[in-house]
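Residue numbers (this note's numbering): 507 to 1028. C-beta atoms are modelled at their ideal positions from N, C-alpha and C, and glycine is treated no differently. Here is the structure we will look at, set down as C-alpha cells.
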Amino acid sequence: MPRETIPRACDACRRRKVKCTPHRPCSPCRSMGLSCRSTSSGRKKGRQGRSANVLYELKANTDPDAIDETPSSGIAPAEIPNDTPTTVYVKRSGLLDDGLVQSCAAYFYSRMLGTVPILHPDKFQEQVERMNECPHAYCLVVAFCAFVLTQTGYLSCHQGTGPDTGRALLDEAMAARRHLDPFSAPIRLGITIAFLSYGCHIGCGNQRQAYYFLREATTFYTADMLDQSPDEDQPCFSGKLFWLLLISERAHAIRRRRPVTLQITNTSPTLNTSPLDTFSVGFSHLVDLYRPFDETFLAIWNGNQPICTRESLVQLEEHLQRSVPADLDLPDILLADLRVSQQWLRTMIWQLATTAGFLSSTPTHPSLDFRYPLQIARDLSLATWKLSRESMETHGVGLIEKIFEVACTLTDVMACLTSTGLRSSGFEMGPQDYLKHLCSLVHSLHGGRKRFLPLLMAKVEHTLPAMVMPISRHLGLEDPGNYDEGEKKGFEGVGDVERDLNWAEMSRIGDMTPDIEDASLL
507 MPRETIPRAC DACRRRKVKC TPHRPCSPCR SMGLSCRSTS SGRKKGRQGR
557 SANVLYELKA NTDPDAIDET PSSGIAPAEI PNDTPTTVYV KRSGLLDDGL
607 VQSCAAYFYS RMLGTVPILH PDKFQEQVER MNECPHAYCL VVAFCAFVLT
657 QTGYLSCHQG TGPDTGRALL DEAMAARRHL DPFSAPIRLG ITIAFLSYGC
707 HIGCGNQRQA YYFLREATTF YTADMLDQSP DEDQPCFSGK LFWLLLISER
757 AHAIRRRRPV TLQITNTSPT LNTSPLDTFS VGFSHLVDLY RPFDETFLAI
807 WNGNQPICTR ESLVQLEEHL QRSVPADLDL PDILLADLRV SQQWLRTMIW
857 QLATTAGFLS STPTHPSLDF RYPLQIARDL SLATWKLSRE SMETHGVGLI
907 EKIFEVACTL TDVMACLTST GLRSSGFEMG PQDYLKHLCS LVHSLHGGRK
957 RFLPLLMAKV EHTLPAMVMP ISRHLGLEDP GNYDEGEKKG FEGVGDVERD
1007 LNWAEMSRIG DMTPDIEDAS LL
C-alpha cells in the first residue's frame, strides 16, 4: 500500500516540530486545542505573524499560569493582534499612564534634546498612539519614560512619581523586549530602543548591561547604515543619530576601556546646524569635542599601542580648548554637558601624560605640568558655579561620574602638595576650595549622594585624611566622625558601583613618581 503523502505540515506542527496529519484540522492540533492553518508562501526564519502565537496558544491551553513570567510583579498577558510579530506580548497594568508619558516627553523635548537627539517628537507621538497594538511601540515608549526617570530623577522629585518608578519601567521594557523580533521593525526603531535601554542601565548603574545595549545599537547602525530610512522629513535630525552613537561609544570606551565600532570617514553623515537652533549648535560643539578620540587614541589609552608623543597630547589639549571656547554663549543646559565633558577629557589626557612619563616641574606646555589638575579643577569649579543645579541634573549620572573622576585626580595631586600649596590666599580660591565644591556637586546632584559620594569620601580619607572633616562639615553631614559606620550605611547600591568603579583606579597617578626635577617646588 503506498505511503500517504502530506503535502505540507501546518504552521503549528512545523513550529512545534511534531508530525502533522493530512486532514484539517490535523490530529496534533485537535488534541492540543490549537488553531490548524497553513501558509502557502515562504517566510523568514523565526516566528512570524499569526504562526508565532503557537507557543502562547499551547501554554494557554495546557497551563494558563505558565505564561506569567514574573507573577509577583503583576504582569499579565495582553491581547495579541493578528498581525503582531511576537510570541507573548506582556504589559504591566497601571504602570504607564498618559500623564507620565506626557510629563516625560515634555521634560525630554524641552531639556534633553540638545544632547540626546534620538527621536523626533512627531515620531515619538506616533509610537505613543500605536503602543496599545504594536509591541515595538509599547517597548519604545516604556524605555523612553524609563530613560528620563533613571537619567535625571527630576520627575521623581517634582511630579510625584515614586523613586523606584524608573527601575520598574526598565524592568517592564526589558520584559517586553524579550518578546520582540528586532529584525521585524524598522532599523531606526531598533536602534532607538537599544540606545534608550543603554541609557537606562547607565542610570541604574548596570554598566555591563549598558555596554551590551550600546554595542547592539552601534552594530545595528553599521550593519544597515539606515539606507532605507532617510531623514528628509526630519532635516533637523539629519545625521545626528550617527554622531550621538559615536559620542556615547567613545565616552563609554574611555571610562570602561572598551573597544569602539563607529569611525569617522569621508562617508560619515554631515551635521546640519542652524545658528538659530541652539540645541544643534550645542550638539555640534559636543561632536567636535570627541572627534579626535578614535581607535588610535584608545589603543594608547588602553596600553595596546605604546606610540605616544608629547606633541600629540598637547595637540589634543589645544583641540579641547578650541572645541568649547571660554566665551561660548549657550543655554545652561547645553553648557553644563560641554564644560564638564571638556574638563573631564582634559583630565584624561593629563593622566595619559602621567602614564607616559611626560610630566615635569618645568614643562614645555602647561598641560604637562604635574600641578595641571589644579587648573582643571579651577576651570570646572568656575564653570559649574555659574550653572544652575537643574541644568546639571538634566545630564544624569554620566555628568556626576565625570565630576567624580576629576575630583579623584585632584585629590591625588593635592596629596603631593605642601600645606601652603593647599590653602587659599586672601580672596583667591585654592585647591581645598575646589575639592569641597566638587564634593558638594556629587553630594547634591541626583544619584551622586548614594552612588558616588561614599567612593569619593573613601578616596579622600585614603589620600587626604585631614580633608575628611572639613569636607563633611561643608556638606552638612551631622556626624563626620562616624561617616563610614553611620552615613555610609544609608547609601544604596554602593556594592554595584564598587564593582564597576574602582576609585583607586580613577586617577592614573596611583603610586607613580612623576618626572619632577625639583620636588620642593610642590
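Among the options, which has the Cα closest to the Cα of residue i?
i, options, result
"H943", "H980, H871, L923 and W856", "H980"
"T860", "L841, R763 and I806", "I806"
"S829", "A964, D794 and K746", "D794"
"Y940", "M973, L865, E967 and H968", "M973"
"K523", "P531, C535, R530 and G696", "C535"
"S774", "L782, R763 and F748", "F748"
"T771", "S786, T728, Q811 and R764", "T728"
"F630", "Y644, T621 and G620", "Y644"
"S894", "V966, S950, G982 and G809", "S950"
"P812", "T802, R521 and R530", "T802"
"G982", "S946, P971 and L970", "S946"
"F726", "T658, A716 and I699", "I699"
"T924", "D885, E896 and L970", "L970"
"G745", "L777, A716, Q715 and R714", "L777"
"C710", "D885, L928 and G904", "G904"
"D885", "Y717, Q821, T870 and Q849", "Q849"
"H871", "T621, E896 and E817", "E817"
"S847", "T621, H529 and R521", "T621"
Given that a residue counts as buried once 16 or more other Cβ atoms are within 10 Å of its Cβ, and exposed if not, what is residue i?
i, result
"Y595", "Low local confidence applies: a pLDDT of 48 at Y595 is under 50, so the model's placement there is unreliable, with the coordinate-based value given in what follows. Burial call: buried."
"G999", "Unreliable placement is indicated for G999, whose pLDDT of 36 sits below 50; the coordinate value is still reported in the next sentence. Exposed is the call here."
"A832", "exposed"
"W891", "exposed"
"Q608", "exposed"
"H952", "buried"
"G863", "exposed"
"G705", "buried"
"M466", "Past the edges of the chain, shown from 507 to 1028, lies residue 466, and the structure says nothing about it."
"D603", "exposed"
"D589", "For D589, the predicted structure reports a pLDDT of 43, less than 50, and the residue's modelled location is therefore unreliable. The matter cannot be settled from this model."
"R877", "buried"
"C526", "buried"
"R763", "exposed"
"N712", "buried"
"M898", "buried"
"P627", "exposed"
"G605", "exposed"
"F614", "buried"
"E585", "In this prediction, E585 scores a pLDDT of 38, lower than 50, which makes its location untrustworthy; no coordinate-derived value is stated."
"F689", "exposed"
"E823", "buried"
When the distance is taken between beta carbons, is residue j closer than 9 Å to residue i?
i, j, result
"L840", "T779", "no"
"L676", "A691", "no"
"L752", "I624", "no"
"A649", "S703", "yes"
"A889", "P937", "no"
"L646", "C610", "no"
"A518", "S541", "yes"
"H791", "L834", "yes"
"M920", "S887", "no"
"H825", "R797", "yes"
"G902", "I708", "yes"
"D843", "G788", "yes"
"Q857", "T915", "yes"
"L874", "L865", "yes"
"Q769", "D800", "yes"
"L601", "A674", "yes"
Got a sec: does the ligand NAP put a non-hydrogen atom nearer than 8 Å to the Cβ of residue i?
i, result
"E635", "The ligand NAP is not among the ligands present in this structure, which contains no ligands whatsoever."
If you drop the 5 nearest sequence neighbours on each side, which residues of the same chain put their C-beta closer than 8 Å to that of residue i?
i, result
"V948", "I906, I909, F910, A913, G954, R955, F958, L959 and L962"
"F701", "I624, F719, L720, A723, L750, L751 and S754"
"L638", "It is Asn, not Leu, that sits at residue 638 in the sequence shown. The answer, listed in chain order, is Y644."
If I measure Cβ to Cβ from residue i and keep anything under 6 Å in the same chain, skipping five residues before and after, which residues do I get?
i, result
"A759", "V766 and L804"
"E481", "Only positions 507 to 1028 of the chain appear in the structure, and residue 481 is not among them; the question remains open."
To which residues of the same chain is residue i closer than 7 Å at the C-beta, ignoring the five residues directly before and after it?
i, result
"R617", "I839 and T900"
"R543", "C516 and D517"
"P781", "V787"
"E563", "Legend: pLDDT at E563 = 44, less than 50; position of this residue unreliable, no value from coordinates given."
"R636", "A643"
"S533", "T527"
"Q633", "A643, L646 and V647"
"E738", "For E738, the pLDDT reaches just 42, beneath the cut-off of 50, and the residue's location in the model is therefore unreliable, leaving the point undetermined."
"P531", "C542"
Checklist entry - What are the start and end residues of each continuous alpha helix (DSSP H) run of 4 or more residues lying completely inside the stretch 606 to 669, in chain order? => result 627 to 636, 641 to 658 and 660 to 664
Checklist entry - Considering only residues of the stretch 690 to 714, which uninterrupted beta strand (DSSP E) runs meet the minimum length of 3 residues and lie entirely inside it, listed in chain order? => result none
Item to check | 4-residue-minimum alpha helix (DSSP H) runs that sit fully inside the stretch 853 to 922, ordered along the chain | outcome: 878 to 891, 895 to 899 and 902 to 920
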